[in-house]
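A.B. asks: Everything in the sequence shown is counted per my numbering, starting at 2 for the first residue and increasing by one.
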Amino acid sequence: MGRKAWYKQMWVYIVGGILLLLAVHLIVQGIRCNIAVNESKERLATYGAETVNLSYGKMSYVDTGEGEVILSVHGIFGGYDQAYDTCKDLSSDYRIIAPSRFGYLGSDILGGGTPAEQATAYVELLDKLGINKVYLLATSAGGSVAIRFALDYPERTKGLILYCSAMPFAEKPEKYSEYAGPPAFLCKDFTMFLISPLFEPIMGMEPSTIYSMLPVSERKDGVVLDASVTNLDMTKNYDDYHIEDLQVPTLAFQAKDDKLISYSDTEKAVKRIPNCTFIPFESGGHLMEGHGEEIKEAVSKFIEGRYFTPL
């Protein structure tokens, strides 16, 4: 066998070996993903979520606890599970209402799915539950909806609590993106599971975060709606978010190393909000990991109406 023929044969073996390893990897990941999706569905069943028929369609939610009511407004890739988990440390002291926003886990979409329409749907849900006023607790993409709710329905809002939340820009931007989020083709169980190792360098989140996002297939409509409507609303309709007019007390948290929400933009935004207490953290990322007790204490003081020095 000539040298050229030998090299050619070796390259065939090498490429074939790589393709075989890749195929095995994809098969193994596919099996792991399938197991994880089934486990996630079992996990969702433990939340005891209820579904109510509103004038526009269905909304699923968790309702648990007693006392002052916290309406939890979840972020992207969320649902009633993420909404509840954000507040579960508070559930022993307060009543938690944790709905799936439009397009997420059992909730339909009204009209164009704007934050204003999502806020209106929340009001209808609260009316169904016989609840007059709530504290709004919003995370990430849910911030647009919570701020819209507080602006449109101050008479239904006792206070606004923002966890690493989306915020309006300090000035009206001249340009903005037409889509702010993962493309629709990525919003599949296996695809997201496969790219989860990239969560840390891109978003500052552990790859294991994927397990709280599954099943992605049942959240896809909400993700695409957030990326195309919710996440753009405070920019596209900048003049409609005059946060200087907020009539309720506000408590805001953010970590300085958050890779998804600009800390500097948040600093500028909170200065525009009257009666706002801002509590920054040096670290913790978008999920503000490691600050559970500090956040719980601050939220409790906020709801009790006590003044406190930022932690």
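Glycine is no exception: its CB is placed at the ideal position from the N, C-alpha and C atoms. Just so we're clear, the structure is a prediction, and the values are computed from it rather than from any experiment.
With a 10 Å radius around its C-beta and 16 neighbouring C-beta atoms as the bar for buried, classify Ala24 as buried or exposed.
C.D. replies: Its Cβ having fewer than 16 others within 10 Å, Ala24 is exposed.
A.B. asks: According to DSSP, is Met289 part of a helix, a strand, or is it coil?
C.D. replies: Three-state result, Met289: coil.
A.B. asks: Distance, Cα to Cα, Leu312 vs Ile262?
C.D. replies: Caution is warranted here: a pLDDT of 36 is assigned to Leu312, below 50, making its placement in the model unreliable, and no coordinate value can be reported.
A.B. asks: For the beta strand (DSSP E) containing Glu51, name the first residue and the last one.
C.D. replies: Where Glu51 is concerned, the enclosing beta strand (DSSP E) stretches over 51–54.
A.B. asks: Considering only residues of the stretch 225–299, which uninterrupted beta strand (DSSP E) runs meet the minimum length of 3 residues and lie entirely inside it, listed in chain order?
C.D. replies: Listed in chain order, they are 251–256, 277–282.
A.B. asks: In whole angstroms, what separates the C-alpha of Leu55 from that of Tyr62?
C.D. replies: For Leu55 and Tyr62, the distance between alpha carbons rounds to 12 Å.
A.B. asks: Excluding five sequence neighbours on each side, which residues of the same chain lie with their C-beta closer than 6 Å to the C-beta of Ala84?
C.D. replies: Once the five neighbours on either side are set aside, the close Cβ partners of Ala84 are Ser73, His75, Ala99.
A.B. asks: Measuring CA to CA, which of Ser301, Gly131, Gly114 is closest to Asp64?
C.D. replies: Selected option, being the one with the closest Cα: Gly131.
A.B. asks: Where does Ile110 fall in DSSP's three states?
C.D. replies: If DSSP states are grouped into helix, strand and coil, Ile110 belongs with coil.
A.B. asks: Compute the Euclidean distance between the alpha carbons of Arg33 and Ala256, then round it to the nearest angstrom.
C.D. replies: For Arg33 and Ala256, the distance between alpha carbons rounds to 32 Å.
A.B. asks: Distance, Cα to Cα, Glu305 vs Phe150?
C.D. replies: So the alpha carbons of these two residues sit roughly 21 Å apart.
A.B. asks: Using the rule of at least 16 other Cβ atoms within 10 Å of the residue's Cβ for burial, across every protein chain shown, is Asn133 buried or exposed?
C.D. replies: With fewer than 16 Cβ atoms within 10 Å of its Cβ, Asn133 is classed as exposed.
A.B. asks: Could you round the C-beta distance between Ala167 and Asn232 to whole angstroms and report it? I think they count as a contact, below 8 Å.
C.D. replies: Between Asn232 and Ala167 the Cβ distance is about 7 Å, and since that is below 8 Å, they are a contact.
A.B. asks: What residues in its chain sit with their C-beta under 8 Å from that of Asp113, if we drop five residues either side in the sequence?
C.D. replies: First, the amino acid is wrong: residue 113 is Gly here, not Asp. Contacts found: Val230.
A.B. asks: When you compare the stretch 272–279 with the stretch 175–186, are there three or more beta-carbon pairs, one atom per stretch, that lie closer than 8 Å?
C.D. replies: No, because fewer than three Cβ pairs between the stretch 272–279 and the stretch 175–186 fall closer than 8 Å, the two stretches do not touch.
A.B. asks: What is the DSSP secondary structure of Thr65, reduced to helix, strand or coil?
C.D. replies: The answer is strand: DSSP assigns Thr65 an E or B state.
A.B. asks: Quick one: what does DSSP say Gly160 is sitting in, helix, strand or coil?
C.D. replies: Three-state DSSP puts Gly160 in a strand.
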